[in-house]
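The sequence shown: position 36 = 30 (my numbering), numbered continuously.
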Amino acid sequence: MTHAQLELKGVSRNFGGIKAVDNVSFAVDPGRITGLVGPNGAGKTTLFNLITGGMRANSGTIHFNGREISGWAPGKVAQAGLVRSFQTAMTLPELTVREHLEQAVLFKTAGTPLSILSARKLRAARDEARTVAEDMLTFAGLADSADEVAASLPYGLQKILGVAMAIATRPRMLLADEPAAGLNGAETARMETLFRAVHNERGIALIVIEHDLPMVMRLCDRIIALSQGQLIADGTPGAVRNDPTFIEAYLGSSADAA
Ligand SMILES: Nc1ncnc2c1ncn2[C@@H]1O[C@H](COP(=O)(O)OP(=O)(O)OP(=O)(O)O)[C@@H](O)[C@H]1O
Ligand SMILES: [Mg+2]
């Protein structure tokens, strides 16, 4: 019997009277690419916050690789191999692309404040960071921008850097929040190619929140749809695309607006 890599059971989170995430349960098998879709305010980002430890659920349990991670701090969840990237590009303006990647690795390998490491461990951590950063520069197609400060990059490359920083920590699963938001067509295609490589070449499972439905349906082998905090559809892209509840909740609102 194989175990789910990630399993949510009855997870809920309220903000005052708003049920942002309402009794959500699902399990994801190892190494899959899952899309998480739904209208604005459906609870997608809140669900990521609950899984990766930025926020506590009011009820329910979350297991990763068989261990209950509910209530764990984000650093501990990341150490266990579950990381995320963010809806907006977030970089330290004065650091170069290479330095961003090295910092991401240092955080993961050290697992402790650098100031308390021995000189030998510090050197080993630095060497590891340099090696992994060099690999990620090539893997994510950022080698030409390696020595540029992150703030000078086009927005699409800043978001690619955000994903590369998450991958640099060598997770087992990446949760990506709207990787294509704010990107033009060429940048979106580049992000999609990177995600395929993350999955096919690195064997990392992905859950991708995305409003670009054609992109997410091409990329994912399974789609989970939320509306008003509740799971309303779960299946293959083909099945969800034709699900009346999904069409009503997701496309109905934009059809009304048109
Ligand atoms: N920290 C918070 N405090 C209060 N309310 C919040 C907070 N975070 C989210 N909410 C509310 O919870 C609901 C779900 O928000 P969430 O950001 O998870 O939606 P989303 O599906 O990610 O939407 P979008 O597609 O616009 O990013 C919304 O009604 C939102 O206003
Ligand atoms: Mg969101």
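No residue lacks a Cβ here, since even glycine has one placed at the ideal position from N, Cα and C.
Segments of 3+ residues assigned as beta strand (DSSP E) that fall wholly inside the segment 149 to 178
Whole beta strand (DSSP E) segments, 3+ residues: 167 to 171.
For L95, which three-state DSSP category applies?
helix
Would you report the Cα separation of T46 and A113, rounded to the nearest angstrom?
32 Å
When the Cα atoms are used, what is the spatial distance from D141 to P33?
Distance between the alpha carbons of D141 and P33 is about 39 Å.
What's the gap between the Cα of R50 and the Cα of A175?
26 Å
Buried or exposed, going by whether 16 or more other CB atoms sit within 10 Å of the CB of D121?
exposed
Taking the beta strand (DSSP E) that T55 belongs to, which residues open and close that run?
53 to 58
Those residues, in chain order, that have a beta-carbon closer than 7 Å to some heavy atom of ligand 2:
K38, T39, Q81, D171, E172, I203
Through-space distance from E242 to L131, alpha-carbon basis:
In this structure, the CA atom of L131 is about 42 Å from the CA atom of E242.
Chain-order list of residues whose beta-carbon lies under 6 Å from that of A160 (same chain, five-residue window excluded):
Sequence-distant Cβ neighbours of A160 in its own chain, meaning closer than 6 Å and more than five residues away, are V77, S79, L168.
Per-residue burial, A249 [other beta carbons within 10 Å of its own, 16 or more giving buried]:
Summary for A249: the model assigns pLDDT 47, below 50, so the residue's position carries little reliability; its value from the coordinates is reported in the next sentence. Exposed, since its Cβ has fewer than 16 Cβ neighbours within 10 Å.
Could you say which of F133, T82, A98 lies nearest to P173 if we only look at CA atoms?
T82
What does DSSP give as the partner residue(s) for D228 in the beta ladder?
I218
Cβ-based neighbour list, G54, same chain, cut-off 7 Å, excluding 5 preceding and 5 following:
L2, K3, G4, V5, S6
Smallest Cα separation from T85: which of L155, L41, A137?
L155
G232 to F240, Cα distance in whole Å?
Going from the Cα of G232 to the Cα of F240 covers about 12 Å.
For L95 versus A118, is the C-beta spacing smaller than 9 Å?
A distance of 9 Å or more separates the beta carbons of L95 and A118.
Identify whether A243 lies in helix, strand or coil by the three-state DSSP scheme.
helix
Where DSSP assigns a beta bridge to S6, which residues make up the other side?
S53
Taking S19 as the reference, give the member of N43, H57, G48, G35 with the closest Cα.
H57
Is there at least one non-hydrogen atom of ligand 1 closer than 8 Å to the beta-carbon of I110?
no
Following the continuous alpha helix (DSSP H) through T39, name the residue where it begins and the one where it ends.
38 to 46
Under 9 Å between C-beta atoms of V143 and L100:
no
Looking at A199 and P68, is the spacing between their C-beta atoms short of 9 Å?
no
Rounded C-beta distance between V263 and A162? I'm assuming under 8 Å.
Residue 263 falls outside the range modelled here, since the chain spans only -5 to 252, and no answer is possible.
Span of the beta strand (DSSP E) around F133
Unbroken run through F133 is the alpha helix (DSSP H), 113 to 133; no beta strand (DSSP E).
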